[in-house]
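>
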Amino acid sequence: MGALSILSGVLALLPIICSLAVLIGLDVGRDSSSPPLFNPEKPKGPDGKPLDNGIKHKSYCDETIGISPPAKGDHYTLNPNPWNWEEGDEGSLCLNVTTFNNQTYPTDSSAPEFSVTWQYPPGPPSSPVHAYPNVKVDSGVFPNQIKNIDEMMLDFEWTYAVGNLTVETTDEKALNASNVNANVALDLFLDQDKKKAQISEDASTEIMVWFAAFGPATQPIGRDDGSLDEQELDGTKFTLYSGKNGVGQFVLTWYCEDPAPKFHGDLQPLVDRLVEMGDTNFPTESDYIGYMAVGTETYFSDDYVTFHVPQLAIDVHLKD
Ligand SMILES: *[C@@H]1O[C@H](CO)[C@@H](O)[C@H](O)[C@H]1NC(C)=O
Ligand SMILES: *[C@@H]1O[C@H](CO)[C@@H](O)[C@H](O)[C@H]1NC(C)=O
Ligand SMILES: *[C@@H]1O[C@H](CO)[C@@H](O)[C@H](O)[C@H]1NC(C)=O
Ligand SMILES: *[C@@H]1O[C@H](CO)[C@@H](O)[C@H](O)[C@H]1NC(C)=O
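All the letters of the sequence shown, read from the start, carry residue numbers -21 to -1, 1 to 299 under mature numbering (1 follows the signal peptide of the UniProt record, and there is no 0).
(1) For His296, count the other beta carbons within 10 Å of its own beta carbon; 16 or more makes it buried, fewer makes it exposed. Which is it?
(2) In this structure, what does DSSP give as the bridge partners for Thr148?
(3) Three Cβ pairs or more, each shorter than 8 Å: is that satisfied between the stretch 240 to 260 and the stretch 80 to 94?
(4) Quick one: residues in its chain with C-beta nearer than 6 Å to the C-beta of Val114, no 5 flanking neighbours on either side, listed in chain order?
(5) Nearest to Gly27 by CA position, among Met131, Asn81, Thr77, is which residue?
(6) Hey, how far is the Cα of Pro195 from the Cα of Val163?
(7) Asp129 lies in the beta strand (DSSP E); which residues open and close that run?
(8) Under 6 Å Cβ to Cβ from Gly244, same chain only, skipping five residues before and after it: list those, please.
(9) With DSSP as the reference, label Lys298 as helix, strand or coil.
(10) Say the cut is 7 Å; is the CB of Asn160 nearer than that to a heavy atom of ligand 4?
(11) What separation, rounded to the nearest whole angstrom, lies between the Cα atoms of Lys126 and Gly257?
(12) Looking at the unbroken alpha helix (DSSP H) that takes in Gln247, where does it start and where does it end?
(13) Assuming Trp64 is part of the beta strand (DSSP E), what are its boundary residues?
(14) Express the C-alpha separation of Met131 and Pro59 in angstroms, rounding to a whole number.
(15) Following the continuous beta strand (DSSP E) through Thr215, name the residue where it begins and the one where it ends.
(16) Does the distance between the C-beta of Asn58 and the nearest non-hydrogen atom of ligand 3 fall short of 7 Å?
(17) Between which two residues does the beta strand (DSSP E) holding Gly274 run?
(18) What three-state label does DSSP hand Ile200 in the structure shown?
(19) In whole angstroms, what is the alpha-carbon distance linking Ala239 and Thr148?
(20) Between which two residues does the beta strand (DSSP E) harbouring Asn113 extend?
Listed below in structure tokens is the structure:
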């Protein structure tokens, strides 16, 4: 028994010794100035020099601008996007973005961390949203037809806070006390036409997935007409509403009754369900998804508030 186990110990060691010998043998032929064999390759900049691990914070206020940080993995474009606010109007918004000099984020599909600090007074009820600061998927997977998409994995964690600082957890009572009206929403634009699907103003259809709605003014289009369906994903219940927006686009909203500050799951079932329902104006499997973004629609608030996205990764897989 004892002898046997010693023997099997020796046998188990043999392959290790052999592979060590191979390693040592390999190294003999290398002169001392060669770089070490098994160091992971450091990311290099356009000039061929290795990039350092520095972290940069940049702030972009009250402007529409595409910020596309270079990345080794999937690309994203951030935008403060105060589309319904003009210079001289009350209120303001700043988008802060944290980028890594090494262009290497936690996973291949991670977006840079960002936050948005804003305050606006109430707008007209016909057009209550001032801005949609967001991060848009720029990985080249869109435009693509619904029938080609296998899954849309979303890894999303966010907080909302009264004041100019980020917090660990959202305090809904504090938001209510400051009369905060805002949502947290993912936005998809679709069209039968590949080009139109990529332009938010030109697309025929918008699918929204809401992860929170704060304040009584923050209502999905068609809420008064009643819900059309319900789906549960990653423990979050989404209710479907639909209707036309001010510019005649058909908007389908998967609305969540309770905030979902952490969501880790596949969103494709929400799109497939709409195709399956097959109502008039609903998307069909040959429609193109041309645009996907995640952000917050800012209605109004008495005080400055800060939306923080410490973690976001969107990984869209196509069918073979
Ligand atoms: C890139 O930089 C960030 C920030 O300093 C660091 O956390 C990360 O580990 C670095 N990644 C690599 C592969 O060097
Ligand atoms: C909060 O942030 C806004 C927008 O960046 C800025 O205008 C305001 O002065 C800040 N307030 C404080 C108390 O720092
Ligand atoms: C955003 O950036 C500005 C300017 O650097 C800074 O004063 C502010 O504290 C930042 N906000 C957050 C929430 O990090
Ligand atoms: C929100 O605040 C209003 C008063 O501004 C109050 O009537 C209401 O009960 C509050 N709701 C919650 C959920 O705290």
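Every residue, glycine too, gets a C-beta built ideally from N, C-alpha and C. Source: prediction; values computed, not measured.
So, to answer that:
(1) His296 is exposed by the Cβ-count criterion.
(2) Answer is none; Thr148 lacks a bridge partner.
(3) Taking a contact to require three or more Cβ pairs closer than 8 Å, the stretch 240 to 260 and the stretch 80 to 94 do not qualify as touching.
(4) Correct list, in chain order: Tyr55, Leu57, Ala90, Val273.
(5) Nearest option by C-alpha distance: Asn81.
(6) Each residue's alpha carbon lies about 14 Å from the other.
(7) Here the beta strand (DSSP E) through Asp129 covers 128 to 141.
(8) Cβ neighbours of Gly244 beyond the five flanking positions: Leu212, Asp213.
(9) In the displayed model, Lys298 falls within coil according to three-state DSSP, outside both helix and strand.
(10) No, since every heavy atom of ligand 4 falls outside the 7 Å radius drawn around the Cβ of Asn160.
(11) Lys126 and Gly257 have their C-alpha atoms some 14 Å from each other.
(12) Here the alpha helix (DSSP H) through Gln247 covers 247 to 256.
(13) Segment: none, Trp64 is in no beta strand (DSSP E) and carries neither H nor E.
(14) Here the C-alpha atom of Pro59 lies approximately 24 Å from the C-alpha atom of Met131.
(15) Its beta strand (DSSP E) spans residues 215 to 223.
(16) Set against 7 Å, the gap from the CB of Asn58 to the closest heavy atom of ligand 3 is not smaller.
(17) Per DSSP, Gly274 belongs to the beta strand (DSSP E) from 267 to 274.
(18) DSSP, read as helix, strand or coil, puts Ile200 in coil.
(19) Distance between the alpha carbons of Ala239 and Thr148 is about 12 Å.
(20) From DSSP, the beta strand (DSSP E) with Asn113 extends over 113 to 116.
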